[in-house]
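Have a look at the structure below before the remarks.
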Amino acid sequence: METRRVIDNTIKYLLLLTTLVSLLIVALIFIFTLREGLPAFQEIGLKTFLLGEVWRPGQEQYGILAMVAGSILVTIGAIILGVPLAVGGAIFLAEIAPDSMQTIVRPAIQLLAGIPSVVYGLFGMVIIVPLVRELKVPGNTGFGLLSASIVLAVMILPTIASIAEDAIRAVPRSYKEGSLALGATHWQTITGVILPAARSGIIAAIILGIGRALGETMAMIMVIGNSVVMPSPLNNNPLTLFMRQARTLTGNIAVEISYATGVHESALFATGVVLFILIMLVNSSARFLMRERANS
Amino acid sequence: MGESSVPMSKYETKSTTTNKEIANLKSRHLAEKAAFGLMWLGGIVTIAILAAVVGYVLLQGVKVIDLEFLTTAPQGGLSGEGGISTTIVTTIYLVLITIVIATPLGIGAAIYLVEYAGEEKGIVPKLVSIARFGVETLAGVPSIIFGLFGYTFFVTALKFGFSLLSAGLAGACLILPVIIRTTEEALQTVPRSYREGSLALGATKWQTIKNVVLPAALPGIITGIILSVGRVVSETAVFYVTLGGSYRMPKSIMSGGRTMALHLYYLAMDTMAFDKAMGTGAILVISIILINIVINYLSRRLTAGLKGV
Chain A
1 METRRVIDNT
11 IKYLLLLTTL
21 VSLLIVALIF
31 IFTLREGLPA
41 FQEIGLKTFL
51 LGEVWRPGQE
61 QYGILAMVAG
71 SILVTIGAII
81 LGVPLAVGGA
91 IFLAEIAPDS
101 MQTIVRPAIQ
111 LLAGIPSVVY
121 GLFGMVIIVP
131 LVRELKVPGN
141 TGFGLLSASI
151 VLAVMILPTI
161 ASIAEDAIRA
171 VPRSYKEGSL
181 ALGATHWQTI
191 TGVILPAARS
201 GIIAAIILGI
211 GRALGETMAM
221 IMVIGNSVVM
231 PSPLNNNPLT
241 LFMRQARTLT
251 GNIAVEISYA
261 TGVHESALFA
271 TGVVLFILIM
281 LVNSSARFLM
291 RERANS
Chain B
1001 MGESSVPMSK
1011 YETKSTTTNK
1021 EIANLKSRHL
1031 AEKAAFGLMW
1041 LGGIVTIAIL
1051 AAVVGYVLLQ
1061 GVKVIDLEFL
1071 TTAPQGGLSG
1081 EGGISTTIVT
1091 TIYLVLITIV
1101 IATPLGIGAA
1111 IYLVEYAGEE
1121 KGIVPKLVSI
1131 ARFGVETLAG
1141 VPSIIFGLFG
1151 YTFFVTALKF
1161 GFSLLSAGLA
1171 GACLILPVII
1181 RTTEEALQTV
1191 PRSYREGSLA
1201 LGATKWQTIK
1211 NVVLPAALPG
1221 IITGIILSVG
1231 RVVSETAVFY
1241 VTLGGSYRMP
1251 KSIMSGGRTM
1261 ALHLYYLAMD
1271 TMAFDKAMGT
1281 GAILVISIIL
1291 INIVINYLSR
1301 RLTAGLKGV
C-alpha cells in the first residue's frame, strides 16, 4: 500500500516535469532567438532595420521594409482570394451540402491541409507561374506576388474553412428554427441570423489563416521571385503591383541563413524576432475572439 | 387586402395572402437558389482544386517512379541524376526520432494537465496555467522559427551539428503541442465513470490512469501521433536549417541528410529535374493520403468504441 502511494507521488511529479518542458522550450526559443538577434538591433538601430527599404548585406545595409511589404501584400492577396472560397465552402458544408457531398468535400479539405508546402510550391512553379506569365504586361515574369497569393490562398483554405465551419455549426439550432418559423427562407436565415451569430468565430478563422499565411516559407520562396526591392506597380495600373517579384520575411531568413555570418546572420535572427512578434499578435487576437465567443 | 388568385377547394378556408406577398416569397426563393448555386460552386471548386493539385502531381510523378527510382541514391548535379532512396531512409529515421522524443513528453504533459492539474494547491496551479500558455504559444510559432532555434541551439550551442539529432529535436518541439492537444482531448472523452469505478475498486490514481484511462484513450492518442507523422513528413523549413543538404545515406544519428520534402525543394530550385521533383512529390502525396486514411479509420473506431459503452 505504501509503495503504491510512493510510486503515485513520484509519477505525479515526473508528469509535472514533462508539462513544464513545453514552457521551457518556449522560453529557450525566446531567449536564444533574441540573443542572436540583439546584436543586429544594436548595430543597425531599430528604426533603420524596420523601416529601411534597402536590404544589401554586402554593403552593410539591413532594412527589412521590402520584406515586410512582401509578407503583408502576399497575405492580403491570399485573404482576398481565399476567404470567399473558404467561408463559402464552410457555409456549404455546414448548412447546404447533402450527406453525399459531405463525405467528399470534408476529406478533400482534410487532404488539402496535409499536403506538404513544397508540393504546393512545385505545383505553383509548374502550373501557376506560367499561367500568370500569360498576362502580357512588360516586366511580368510569372513569378511574383500574384502567383504566391494564389498558392497561399489554396494553402490557407483548409484552415479557414474548418474553423469557420465549426463556428457556423456552433450556432444554436433554436436561432435557425426561430428564423425559419418566422417565414424566412433558408438563405435569409443563413445571412440574417446564422452568419451574424457565428461572426466572431469566422473572424477568428480568418485571423488564424492570416497567421498561417505569414508563417509560410518554402512554398513562398518557390514562386514569389525573391527580389529584395520594394514592390511597386509595373505600369500605371496599380493592380500590376501584384505581378512584381518580392520576398517574404520568412523567405528572407531561409534563403540567406545558410551563408550569413556576423551582423548579417544576426539581422536574420532579428527578422525572426519581428516575424515571431507579428504572428504572436495575430494569433492572440484570434484566440481572444474565440474565447469571447465561448463565454458569451 | 386583395384576394388570392389560387383556386381553392371547398375544404380550404379563404387564404389571405396578397399578390405582393406571393411575389416577395418568389423573389426570396430566387435569391436563395442563386445563393445556393454559388455555395455549391464553392464546394465544387474546393474539390476541383484538390483534384488539380493532387491529380497533376500524381500523374506527372508516376511517370518517374519505378523500383530504380526508389532504390537508387541521388547523384546530385544539375540534372538531378539518381533516385530518392537515401531521402526515404532519412525521412523514416527522422520521423522515428521525433516521435520517440516528443511522444513521452507530450503524453506525460497531457496526462498531468487533464488528470492531476485540477487538484493541486499553492504555486502549482500558477505553474500549470503558465505551462498551458506555453503550449498554446508553441502551437502558433511558425516553422522557420523552430528551424532558427534548432540551428542556434542544437546545431551550434549544443554542438550537435547538422544531424538527425538536431533535426529530430527541433521537429519534436514542433509536434509537441499537437501531441499534447490531441492526447488531452482523447483523455477528456474517457467517461468519469471509468475512473471512479477503478478508484472505488481500490486502485491508486496512477494505476487507474495506466490500466483504465490510457487504454480507453488510446485510439485518440494514436491519431495524434499519426497526425504528427504527417506533419514531420510534410515539414521543410525546420529541417532545412538543421539537417544540412547532404543527399548521402545517413550513417548514424549524428549524420546529416535530406528528407523527401527537402529533396523536392532542392530539385526544384537547384536543378532542372522537375520530373524527379514531381516523382518525389507523388510519393509524398501518396504518403499523406495513406496517413489520412489511417487517421479517419482510427477516429471512426474511437467514436464507435465510445458509443458501445
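Chains A and B are the protein sequences, given in the same order. Going by the working numbering, the residue at position 23 of the first sequence is 23; the numbering climbs one at a time, nothing skipped. For the working numbering, count along the second sequence from 1 and bump the result up by 1000. Just so it is clear, CB atoms sit at the ideal spot from N, CA and C, and this is done for glycine as well. Quantities reported herein were computed from a predicted structural model and do not represent experimental measurements.
Assign residue i to one of three DSSP states: helix, strand, or coil.
i                  : result
Leu1244 of chain B : Note that residue 1244 of chain B is Gly in the sequence shown here, rather than Leu. Looking at Gly1244 of chain B - three-state DSSP - the assignment turns out to be coil, as it is neither helix nor strand.
Ala1282 of chain B : helix
Gln245 of chain A  : coil
Tyr1011 of chain B : coil
Arg1258 of chain B : coil
Pro233 of chain A  : coil
Asn1292 of chain B : helix
Pro1142 of chain B : coil
Met1001 of chain B : Its pLDDT being 46, under 50, Met1001 of chain B is placed unreliably in this model, and the value from its coordinates should be taken loosely. Reduced to three states, the DSSP call for Met1001 of chain B is coil.
Gly1082 of chain B : strand
Gly272 of chain A  : helix
Gly225 of chain A  : strand
Ile62 of chain A   : Strictly speaking, residue 62 of chain A in this sequence is Tyr, with Ile absent from that position. Note: Tyr62 of chain A maps to strand in three-state DSSP.
Does any CB atom of chain A fall closer than 8 Å to the CB of residue i?
i                  : result
Met1001 of chain B : Any reading at Met1001 of chain B must be qualified, since the residue scores a pLDDT of 46, below 50, and its modelled position is unreliable; no value is offered.
Arg1028 of chain B : yes
Pro1215 of chain B : no
Val1155 of chain B : no
Met1269 of chain B : yes
Phe1162 of chain B : no
Ser1143 of chain B : yes
Asn1019 of chain B : no
Leu1070 of chain B : no
Met1039 of chain B : yes
Tyr1112 of chain B : yes
Arg1300 of chain B : no
Asn1211 of chain B : no
Ala1261 of chain B : yes
Residues in the same chain with beta-carbon distance under 8 Å from residue i, minus the five sequence neighbours each way, listed in chain order, please.
i                  : result
Lys176 of chain A  : Thr189, Val193, Ile194
Met1001 of chain B : Confidence in Met1001 of chain B is poor, its pLDDT being 46 and thus under 50, which makes the residue's placement too unreliable to answer from.
Gln1188 of chain B : Val1114
Asn1211 of chain B : Ser1198, Ala1203
Gly121 of chain A  : Val151, Met218, Ala219, Met220, Ile221, Met222, Val223
Glu256 of chain A  : Pro57, His264, Leu268
Met125 of chain A  : Met222, Val223
Which chain B residues sit within Cβ distance under 7 Å of residue i?
i                 : result
His186 of chain A : Glu1032
Val26 of chain A  : Gly1134, Thr1137, Leu1138
Met101 of chain A : Gly1043
Ile44 of chain A  : In chain order: nothing, as chain B lies at least about 18 Å away.
Compare the C-beta of residue i with all C-beta atoms of chain B and state if any pair is closer than 8 Å.
i                 : result
Met290 of chain A : no
Arg4 of chain A   : yes
Lys12 of chain A  : yes
Asp8 of chain A   : yes
Phe242 of chain A : no
Leu73 of chain A  : no
Gly89 of chain A  : yes
Ser149 of chain A : no
Glu36 of chain A  : yes
Asn140 of chain A : no
Phe32 of chain A  : yes
Val178 of chain A : Note that residue 178 of chain A is Gly in the sequence shown, not Val. Cβ-Cβ to chain B under 8 Å: no for Gly178 of chain A.
Pro107 of chain A : yes
By the criterion of Cβ-Cβ separation under 9 Å, what are the contact partners of residue i in chain A?
i                  : result
Ser1234 of chain B : Gly114, Ile115, Pro116, Ser117, Val118, Val119
Leu1264 of chain B : Pro116, Val118, Val119, Gly121, Leu122
Leaving out five residues before and five after residue i in sequence, what residues of the same chain have Cβ atoms less than 7 Å from its Cβ?
i                  : result
Ile1101 of chain B : Gly1168, Leu1169, Ala1172
Glu1184 of chain B : Ala1110, Leu1113, Val1114
Thr1242 of chain B : Gly1147, Gly1150, Tyr1151, Phe1154, Val1155, Phe1162, Ser1166, Ala1167, Ala1170
Leu375 of chain A  : Chain A is shown only over 1 to 296; residue 375 of chain A falls outside these bounds and no answer can be derived.
Mind listing the chain A neighbours of residue i? Cutoff is C-beta to C-beta under 7 Å, in chain order.
i                  : result
Tyr1093 of chain B : Correct list: empty, because the minimum Cβ distance to chain A is about 18 Å.
Ile1289 of chain B : Leu111
Gly1230 of chain B : Gly114
Ile1130 of chain B : Leu23
Name the chain A residues whose beta carbon is nearer than 8 Å to that of residue i?
i                  : result
Thr1204 of chain B : Arg4, Arg5, Ile7, Asp8
Ile1226 of chain B : In chain order: nothing, as chain A lies at least about 11 Å away.
Ala1277 of chain B : Leu122
Tyr1151 of chain B : Ile257
For a contact defined as C-beta to C-beta under 8 Å, what are the partners of residue i on chain B?
i                : result
Gly58 of chain A : In chain order: nothing, as chain B lies at least about 21 Å away.
Curious, which full-length beta strand (DSSP E) runs of at least 3 residues does the stretch 146 to 211 of chain A contain?
none
Unbroken alpha helix (DSSP H) runs of length 4 or more, entirely within the stretch 1172 to 1204 of chain B: which are they?
1192 to 1200
What beta strand (DSSP E) runs, 3 residues minimum, are completely inside the stretch 1035 to 1095 of chain B?
1074 to 1076
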